[in-house]
Amino acid sequence: MSIIHNLKYSHSAHFIDDLPEDTGFEIAFAGRSNAGKSSAINALANHNRLAYVSKHPGRTQLINFFQLHNNENFKIVDLPGYGFAKVNMDMKKHWDIVLPHYLQKRQALVGLIIVMDIRHSLTPLDDQMIRWFIPADKPIHILLTKADKLSRSQTNQELQKFKQKLKDSNFDVPITFQSFSSLKKDGLESVEDIFLKWLPFSG
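The sequence shown begins at 1 in UniProt numbering and counts up by one.
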């Protein structure tokens with residue numbers, strides 16, 4: 001059983017001052033709107049609607065915190081989806097300030113998981129998210145979601161293309177990645193390994 005199967009909603013933040021006390025250990029999930037971030041969190045937590053899933057991208061407009069039922073020191077953090085065209089300019093400017101602050105200054109944050117659609121990976125906004133986080137000097141793991149929409153050979157081809165994209169981007173930090181399917185629950189164990197590697201406890 002995944003160590004995050006017992007998550008429960010804890011807190012939401014819009015402004016920097018709304019963030020909870022900077023203690024414990026947090027793993028944040030980021031991703032372009034409609035890349036499958038909420039579905040990935042729900043699959044990992046074995047919960048259908050822990051993180052809100054919508055057919056309309058751009059619905060996550062808060063930083064949402066979920067904590068373990070039996071260990072309040074560990075939280076999963078669902079960051080606002082980025083890249084949705086209909087988000088107004090004021091909202092975009094707001095998150096362009098708040099998100100880099102959270103990613104670079106948050107002491108409890110131990111690593112960032114970025115969710116990308118395997119068919120449309122490493123967009124300019126994904127690149128920006130990575131570069132926002134690099135100054136924190138903490139690990140990044142990328143979930144290439146919706147792999148169920150491709151054949152195994154197509155998935156392997158996309159993984160090789162993505163590896164080259166990372167190399168060409170010259171991030172100069174180690175970034176791990178994997179294919180993932182929320183629908184088929186494919187890749188859950190690999191993410192579990194990441195959690196156990198990043199966290200100072202095993203559940």
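Just so it is clear, CB atoms sit at the ideal spot from N, CA and C, and this is done for glycine as well.
Inter-stretch contact at 8 Å, needing at least 3 Cβ pairs: the stretch 19-32 / the stretch 111-129: Yes: at least three Cβ pairs fall under 8 Å.
Exposed or buried, which one is N70 when buried takes at least 16 other CB atoms within 10 Å? So N70 ends up on the exposed side.
Uninterrupted alpha helix (DSSP H) stretches inside the stretch 133-200 (no shorter than 4 residues): Every alpha helix (DSSP H) of 4 residues or more that sits fully in the stretch 133-200 is shown, in chain order, as 152-169, 188-198.
Consult DSSP for N71 and reduce its assignment to one of helix, strand or coil. Three-state result, N71: strand.
Looking only at C-alpha atoms, which of F180, L166, F133 sits nearest to K150? The displayed chain sequence assigns Leu, not Lys, to residue 150. Residue F180 holds the alpha-carbon nearest to the alpha-carbon of L150 among F180, L166, F133.
Among the residues of its own chain, which have a CB less than 7 Å from the CB of H11, if the five just before and after it don't count? Hits under 7 Å: P20, F65.
Which of helix, strand or coil DSSP assigns to K8: Here K8 sits in strand by DSSP.
Between the stretch 90-97 and the stretch 33-40, can you find at least three pairs of beta-carbon atoms closer than 8 Å? Under the 8 Å Cβ criterion, the stretch 33-40 does not count as touching the stretch 90-97, having fewer than three qualifying pairs.
Give every residue of the same chain whose Cβ lies closer than 7 Å to the Cβ of residue 226, excluding the five residues on either side of it in the sequence, and list them in chain order. No answer is possible for residue 226: the residues shown for the chain start at 1 and end at 203.
Determine the contact status of I118 and L144, defining contact as a CB-CB distance below 8 Å. I118 is a Cβ neighbour of L144, given a cutoff of 8 Å.
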